[in-house]
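FYI, in our numbering the residues of the sequence shown are 42 to 531.
No residue lacks a Cβ here, since even glycine has one placed at the ideal position from N, Cα and C.
Down below is the structure, laid out as structure tokens.
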Amino acid sequence: MKLKDLLKTVKYELINGNIDTQVSDIVYDSRKITEGAMFVCLKGYNSDGHSYADQAVEKGASAILISDDLDIDTKNLAVIKVEDTREALAYISAEFFSNPAKELTTIAITGTKGKTTTVAMIKRILEIKGIKSGTIGTLGIIVGDKTIPTNNTTPESYEIQKAMRQMIGEGCKAMIIEASSIGLKWHRVDAIDFNYGIFTNFSHDHIGGAEHKDMDEYLECKAMLFKKCKIGLINRDDEKWQDILKGATCEYKTYGFSKDADYIASDDELLSTPGFLGARFKLSGLREMSIDVAIPGHFSVYNALSAISVCAEMGIENEYIAEGLKTVAVKGRVEIVPVPGKYTLLIDYAHNALSMENVLTTLRQYNPNRLITMFGAGGNRPKVRRYEMGETSGRLSDLSVITEDNSRFEDVMDIIEDIEVGLAKTDGKYVVVPNRKDAIKYCIENAQNGDIIVLAGKGHEDYQEIKGVKYHMDERELIAECLDELKIKN
Numbered sequence: 042m043k044l045k046d047l048l049k050t051v052k053y054e055l056i057n058g059n060i061d062t063q064v065s066d067i068v069y070d071s072r073k074i075t076e077g078a079m080f081v082c083l084k085g086y087n088s089d090g091h092s093y094a095d096q097a098v099e100k101g102a103s104a105i106l107i108s109d110d111l112d113i114d115t116k117n118l119a120v121i122k123v124e125d126t127r128e129a130l131a132y133i134s135a136e137f138f139s140n141p142a143k144e145l146t147t148i149a150i151t152g153t154k155g156k157t158t159t160v161a162m163i164k165r166i167l168e169i170k171g172i173k174s175g176t177i178g179t180l181g182i183i184v185g186d187k188t189i190p191t192n193n194t195t196p197e198s199y200e201i202q203k204a205m206r207q208m209i210g211e212g213c214k215a216m217i218i219e220a221s222s223i224g225l226k227w228h229r230v231d232a233i234d235f236n237y238g239i240f241t242n243f244s245h246d247h248i249g250g251a252e253h254k255d256m257d258e259y260l261e262c263k264a265m266l267f268k269k270c271k272i273g274l275i276n277r278d279d280e281k282w283q284d285i286l287k288g289a290t291c292e293y294k295t296y297g298f299s300k301d302a303d304y305i306a307s308d309d310e311l312l313s314t315p316g317f318l319g320a321r322f323k324l325s326g327l328r329e330m331s332i333d334v335a336i337p338g339h340f341s342v343y344n345a346l347s348a349i350s351v352c353a354e355m356g357i358e359n360e361y362i363a364e365g366l367k368t369v370a371v372k373g374r375v376e377i378v379p380v381p382g383k384y385t386l387l388i389d390y391a392h393n394a395l396s397m398e399n400v401l402t403t404l405r406q407y408n409p410n411r412l413i414t415m416f417g418a419g420g421n422r423p424k425v426r427r428y429e430m431g432e433t434s435g436r437l438s439d440l441s442v443i444t445e446d447n448s449r450f451e452d453v454m455d456i457i458e459d460i461e462v463g464l465a466k467t468d469g470k471y472v473v474v475p476n477r478k479d480a481i482k483y484c485i486e487n488a489q490n491g492d493i494i495v496l497a498g499k500g501h502e503d504y505q506e507i508k509g510v511k512y513h514m515d516e517r518e519l520i521a522e523c524l525d526e527l528k529i530k531n
């Protein structure tokens, strides 16, 4: 594709070369520069792409996109200067992949919590309706049965545009993405005019370092989504709901327990049977029905409301919405794994004290016979995290099963001893089973009727990192192996 065609929606200055130059690809990682590609100099928190422009010249790039002046010999390369290379990358990538967003129904979700679960809920409802969808977020880029790992919740704009084009190639009609505050701040979702934008909630997070300078900036970045979408769906019960709409250019509808919302929840209750934990509520307002949600906790009602509101605005019928929410599962997020017996076994990504507190407090509401938490802690990380996790589990669990979790370059037993420091501050009972598979087998073998067992820490991860090597390890597979070895049949 010619450079001038990529730049047609970008304000730029030609510093050197010719805009009729052919561009074979767009690259922002200097290690991936190939002959004929355009190299985009992105400024990050720890590095500046302008420092690698000389490598682009050496490796035969056809063009360089800059925001700062270069002090190198660019020979005959086309050098394009823009005000912000991240913003320009989004629009150039959209042109490179022929504006795939225009061929999809696009849905973006922002908020401190609930994004991953809401994505899964919407995808499940659309699947039931027969609308094939791709997703982008914490769990990676998911198209059909394929998952492409990503480094960030919201990847760089080039990866998003490329993924949408792949989705179209696989027959997808919709794309659902987690739009993080950093993703919005750094223009990763620019050049997409979203059909729908969802605001879940707002609370303290992502302040300092490479993220946001303060809460005001954090909120302002989330609010950017509602200048990039046609219809907003807003959690009216969140105290910042009106602030999130300041400067918004979209139409909007609201959801919540508030009687002033457009989609109103009421009469919520928890549902519990062996192997199933969820919630039930009544929906009124623009839609009326009874909803069962296959994800534990009162908070799942809000995630369900956000999914309902966008699907209702899309014209999805009640029957598909109800069936989707009743059968939804989120990999690694209070994910229930079917097992024989009258107890509940689930996998969750909780890997610090706060996330552990949240999941265990939620599960306590179901009044289990015993709440059993199996967990470890990551090596080469602050020890205080281990103390806090031990104390949290000891306080909220009836039994803690302490094991390994990405020990990295530390000895597993040293990590476990640190966890025991926190446990010692409580009256909580615990056992130590250093090998993770053995720990899972211990939990299954000793399960009692009515127990809820949480395998915490790994969630969607499918590896165990030991001494710099990532070994394949999927807890779902380990559970199946344990059941087979114990001769317990489903």
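Item: Gln202, DSSP secondary structure in three states; Value: helix
Item: Nearest candidate by alpha-carbon position, reference Gly319, set Gly152, Tyr296, Glu329, Tyr343; Value: Tyr343
Item: At least 3 beta-carbon pairs within less than 8 Å: the stretch 326-341 vs the stretch 452-463; Value: no
Item: Cross-strand partners of Gly181 (DSSP beta bridge); Value: Gly178
Item: Ile413 burial status per 10 Å Cβ neighbour count (16 or more: buried); Value: buried
Item: Which of helix, strand or coil DSSP assigns to Leu118; Value: coil
Item: For Ala94, the nearest candidate out of Gly85, Tyr86, Val81 (CA to CA); Value: Val81
Item: DSSP-derived helix/strand/coil call for Gly580; Value: The displayed coordinates of the chain run from 42 to 531. Any statement about residue 580 would go beyond what the structure contains.
Item: Extent of the continuous beta strand (DSSP E) to which Cys352 belongs; Value: Careful: Cys352 lies outside any beta strand (DSSP E), inside the alpha helix (DSSP H) at 340-354.
Item: Inter-residue CB distance, Lys156 and Ile150 (contact presumed, cutoff 8 Å); Value: 5 Å
Item: Val400 (DSSP reduced to helix, strand or coil); Value: helix
Item: Option nearest Gly326 by Cα separation, candidates Gly316, Ser299, Ala465, Ile481; Value: Ser299
Item: Contact belief for Val184 with Met208 at Cβ below 8 Å, rounded distance in angstroms; Value: 5 Å
Item: Beta-carbon gap between Ile121 and Leu48 smaller than 8 Å; Value: yes
Item: Exposed unless 16 or more other CB atoms sit within 10 angstroms - verdict on Arg72; Value: exposed
Item: His247 (DSSP reduced to helix, strand or coil); Value: Low confidence applies here, because His247 scores a pLDDT of 48, under 50, leaving its location unreliable; read the following figure in that light. Residue state, collapsed to three classes: coil.
Item: Which residues DSSP lists as bridging Val510, in chain order; Value: Ile507
Item: Contacts around Phe235, its chain only, beta-carbon distance under 6 Å, and the 5 residues preceding and following it disregarded; Value: Thr147, Ala149, Lys269, Cys270
Item: Any non-hydrogen atom of the ligand SAM closer than 7 Å to Glu258 Cβ; Value: For the structure depicted, the ligand SAM is absent and the ligand set is empty, with no information on it obtainable.
Item: Span of the alpha helix (DSSP H) around Tyr259; Value: 256-264
Item: Beta-ladder partner(s) of Asp89, from DSSP; Value: Lys84
Item: Element boundaries [alpha helix (DSSP H), containing Ala161]; Value: 156-170
Item: Paired residues, beta bridge with Ser313 - DSSP; Value: Leu318
Item: Cα-Cα separation between Ser222 and Leu260, rounded to whole angstroms; Value: 8 Å
Item: First and last residue of the uninterrupted beta strand (DSSP E) at Tyr293; Value: 292-297
Item: For Met430 and Val393, believed in contact at Cβ under 8 Å, the rounded distance; Value: Correcting the residue identity first, residue 393 is Asn in this sequence and not Val. Yes, Asn393 and Met430 are in contact; Cβ-Cβ is about 7 Å, under 8 Å.
Item: Whether Lys372 touches Leu496 by CB criterion (8 Å); Value: no
Item: Nearest-angstrom Cα separation, counted from Leu167 out to Tyr471; Value: 43 Å
Item: Buried versus exposed call for Glu486 [16 or more other C-beta atoms within 10 Å across all chains shown]; Value: exposed
Item: Candidates Ile494, Glu516, Ala302, Val64: closest to Arg277 by CA position; Value: Ala302
Item: Burial state of Lys499, where buried means 16 or more other Cβ atoms lie within 10 Å; Value: buried
Item: For Ile362, the first and last residue of its enclosing alpha helix (DSSP H); Value: 359-368
Item: Proximity to Ser347 [Cα-Cα], best of Ile169, Glu280, Gly212, Tyr237; Value: Tyr237
Item: C-beta contact flag for Tyr293 and Gly316 at 8 Å; Value: no
Item: Beta-carbon gap between Glu136 and Thr75 smaller than 8 Å; Value: no
Item: Own chain partners of Leu401 with C-beta closer than 6 Å, once the 5 adjacent residues on each side are dropped; Value: Leu437
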